[in-house]
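All residue numbers for the sequence shown refer to our numbering, where the first residue is 33 and numbers rise by one.
The beta carbon of each residue, even a glycine, is placed where N, CA and C say it ideally should be.
Written out below as structure tokens is the structure these notes cover.
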Amino acid sequence: MTLKVNIMEYVYAALLLDAAGKEINEKSIEEVVKAAGMSPDEAQAKAIVSSLKGVNIKDVIKNAQSMQLQASSAPAAAGAAHPEAKKKEEPKEDASKKEEEAAGGLAGLFG
33 MTLKVNIMEY VYAALLLDAA GKEINEKSIE EVVKAAGMSP DEAQAKAIVS
83 SLKGVNIKDV IKNAQSMQLQ ASSAPAAAGA AHPEAKKKEE PKEDASKKEE
133 EAAGGLAGLF G
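Structure follows, in structure tokens:
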């Protein structure tokens, strides 16, 4: 029995191929999906490959991890500050710009 594949399985396949240092193309993504016991869809494989053109997956993951670390350390740092200390506000525009850059070409994957 083969399962119907949704777009996330193709994202996972691309991540797996990237981690293994393999080329991300339609054929390799379809092979990974098939090896996982699912029935590949050429249109979805093609959509993932075109969405990832020019995207450095390792950089996107690195940026996402650093943003997550910054977000999780902010409350601890705020609690450790002296109550009378004046808080320095970071421009909100820069934070949203970084988030957009981290999302990069991956935003196109989800319509």
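By the C-beta density criterion, Glu74 is exposed, having fewer than 16 other C-beta atoms within 10 angstroms.
Ser83 and Gln100 have their C-alpha atoms roughly 24 Å apart. The straight-line gap separating the alpha-carbon atoms of Asn38 and Val87 is approximately 21 Å.
Only buried fits Glu41, as 16 or more other CB atoms lie within 10 angstroms of its CB.
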